[in-house]
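Contents: one structure, followed by commentary.
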C-alpha cells in the first residue's frame, strides 16, 4: 500500500479516531467465526495486506492458496471477503442473490466519479437498477442479439479490409470494429474509417472504467482523503479520477444530445435509442434511464469483445498448432464456399473455435477481479460468518487459474473444454468472466456473438504470424503483456510502435483475399 505523506497526516489521524469509535460500536456477538485470513493490526486491520490497484488478483490468489476458497480481511472495521471458487460464487452470488446483489458504493466510484448514479454495473441494487436492467434485457437477451448480425457482419468486412491494408494497426481495427457494432445498434451511427471521434471518446472513457472496476483505492479506505486537494503528493488517483469522470460523462451525454437534435430536425436514423426515446413518458425520467443505458452499453459489450479478440489474436500467434485446428474447423464449416464469411448458424459446427473463446476468457479474463458485491444481511457460509455490509469480491483470476480445476493454467489449451468426441463440455469460464448472479454483465450475449463472428472471420481470411522482434526474430513470449494483464489496458497504455512489434498479420491463405477486399 502506498505510504501516506505529511500533508494527509491530519486527515489520517482524524479518520483513525473515527474508525476507533465505529469499531467499538460495531462489536457484535457472531453466530459463527469469521473466514480465515491474515492477522491484522489494531484499528487499521489488514491495511498493510491490501494490494496496490491493478494487482489485487495476484495478491488475493496467493491468499487463497494459503487460506482457502473464502478469505477475510478487515480494514478500519470494514469486512472484505474474497471468494476464490466457483462453488462459493455460485452459492452466494447466484443461489443467495437477493442478499448479495447490492454494490458497496465506494468513495471513488460513487462520491468522486458519480458512476453509481448512472452506470448499471456500479449502480446500487434496487428499483432504479431494475429499470435499467429491463432495458438491457429487452434488447440484449440471447434471442434479441441475433437480430444484430447484419450490423456485425458489415463491421467485420470493414475490419478485414483494414487488416489487409495496414496489418500492423490491428489493435485499432479491432477497437473500431467493436465500437462500430455498439454505436450502430444503439444510435444508428456509422463509424468513420479513421480517427472517428466517438470511438476515441469511448476509448478514453473505457480506460477509466478498466482502471477503476474491481479495484480498491486508498480513498475508499480513508474517505477523508477526498477532501484534500488533488495536487498534493500521494493524491495521484484523485487527479486521474477528474479525467475519468469527464470522459465517462462525455461518452454518456455527447451522442445522446446529438440523437435528440437529429430527432428534432427530422434527420434521425432509426435505432434502439430513438425507438425507446419515442416511447418514453415525458413526465418521468425515462429519457434519463435510456441515456444511461445507451452510455453504459459500450462498456457492457464493446470493451469485453475487444479484450477477448486481442487475447485470441495473441494466443493464435503464440500457438500456431491451435490456430491450424481452428482454421480447419472454419474451412470445414464453410465447405469451400469462398463467397461468404461464417455466421451464427455455423456456431454449432465449430466447437473447437468456441472452446478457443472460452479458453481466452479463462486464460486472460477481461476483468480479473469482479466489481465488488455487498451483502445486505449477515450470512453464514461453510461455517463462517459474513458480516452484513461486507465487500464481497469474486476473484475471477484466481478461480480461472486454479490449477486443481485447470491444470497448467498458464498454458493456452482449448481442449480442456471439449469431450473426446469434440463436443463442448463446459462454459464455466464464460459465466465467471462476465460476473456473477444478478449483476452479470448485461452485454454478455452480444459480446460473445461479436467475438465469435470476428474471430472466425479473421481465421477464414488470414494466418496470424508469431510475434517478432525488431530484427525479425520470432518470439515465444508476449512482450510486456503479463505486466498489464488486461489486453485492452495493455493496448491503451502502449505506444503504437511497441504494438507493431508485438504481433503482425500476414495474408497468406490461398483463395481468401476476396474477403479482405470487401
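In my numbering, the protein residues as written are 1 to 518. We put the beta carbon where it would ideally sit given N, CA and C, even for glycine.
field: Exposure label - residue 88; buried when at least 16 CB within 10 Å
entry: buried
Does DSSP put residue 243 in a helix, a strand or coil? helix
- Query: Is it the case that the Cβ atoms of residue 79 and residue 439 are separated by a distance below 8 Å?
  - Reply: no
Practice problem: Starting from the N-terminal side, write out each stretch of the alpha helix (DSSP H) that is 4 residues or longer and does not extend beyond the region 310-386. | Solution: 320-334, 351-363
**Q.** Three-state secondary structure assigned by DSSP to residue 453
**A.** helix
* **Any beta strand (DSSP E) of 3 or more consecutive residues that is wholly inside the region 148-224** => none
* Asked: Contact between the region 392-412 and the region 312-325: three or more CB pairs below 8 Å?
  -> yes
What does DSSP give as the partner residue(s) for residue 120 in the beta ladder? DSSP lists no partner for residue 120.
How big is the Cα-Cα spacing for residue 397 and residue 63?
13 Å
So what does residue 390 bridge to, in DSSP terms? BP columns for residue 390 are empty, so no partner.
task = Out of 262, 200, 272, 134, point me to the one whose CA is closest to residue 248's CA.
result = 200
Just to confirm before moving on: does the CB-CB distance between residue 272 and residue 146 stay below 8 Å? no
DSSP state of residue 78, grouped into three classes? strand
query: Mind checking residue 464: buried by the 16 CB within 10 Å criterion, or exposed?
result: buried
Worksheet item: How would you label residue 127, buried or exposed, when you count the other beta carbons within 10 angstroms and need 16 or more for buried?
Response: exposed
**Message:** Any heavy atom of the ligand SAH inside 7 Å of the beta-carbon of residue 46?
**Reply:** Within the structure as shown, the ligand SAH is missing, as the structure has no ligands at all.
Pairwise C-alpha distance: residue 178 and residue 198: 12 Å
**Prompt:** Can you tell me whether residue 491 is buried or exposed, with buried defined as 16 or more other CB within 10 angstroms of its CB?
**Reply:** Because residue 491 carries a pLDDT of 35, less than 50, the predicted location of this residue cannot be relied on, and no value is offered for it.
Check: Which residues does DSSP pair with residue 70 in a beta bridge?
Finding: 83
Q | Inter-residue Cα distance where the pair is residue 309 and residue 213 | A | 20 Å
| Assigned exposure category for residue 288 - 16 Cβ within 10 Å defines buried | exposed
Review point. Taking buried to mean at least 16 other C-beta atoms within 10 Å of its own C-beta, is residue 135 buried or exposed?
Key: buried
Spell out a yes or no on whether the region 179-186 and the region 291-304 are touching, meaning 3 or more CB-CB pairs, one atom from each, closer than 8 Å. yes
### Query
How long is the line joining the alpha carbons of residue 110 and residue 325, rounded to whole angstroms?
47 Å
message = Once DSSP output is grouped into helix, strand and coil, what is the label at residue 424?
response = strand
Straight-line gap, residue 150 to residue 370 (C-alpha atoms, nearest Å): 32 Å
Excluding the five sequence neighbours on either side, which residues of its own chain have a C-beta within less than 7 Å of the C-beta of residue 305, listed in chain order?
-> 178, 447, 450, 451
Have a look at residue 460 and residue 164 and give me their C-alpha separation to the nearest angstrom.
13 Å
Where residue 91 and residue 358 are concerned, what is the direct C-alpha to C-alpha distance, given to the nearest angstrom? 22 Å
To which residues of the same chain is residue 387 closer than 7 Å at the C-beta, ignoring the five residues directly before and after it? 79, 378
Practice problem: Would you check if the distance between the CB atom of residue 443 and the CB atom of residue 241 is smaller than 8 Å? | Solution: no
### Option in 81, 86, 48 with minimal Cα separation from residue 529
Outside the displayed span of the chain (1 to 518) sits residue 529, for which this structure offers no information.
By the 10 Å Cβ neighbour count, where 16 or more other Cβ atoms means buried, how is residue 279 classified, buried or exposed? exposed
Thinking just about the alpha-carbon of each residue, which of 152, 406, 47 is nearest to the one in residue 220? 47
Do the CB positions of residue 455 and residue 312 come within less than 8 Å of each other? yes
| field | Reduced DSSP category for residue 276 - H, G, I as helix; E, B as strand; rest coil | value | helix
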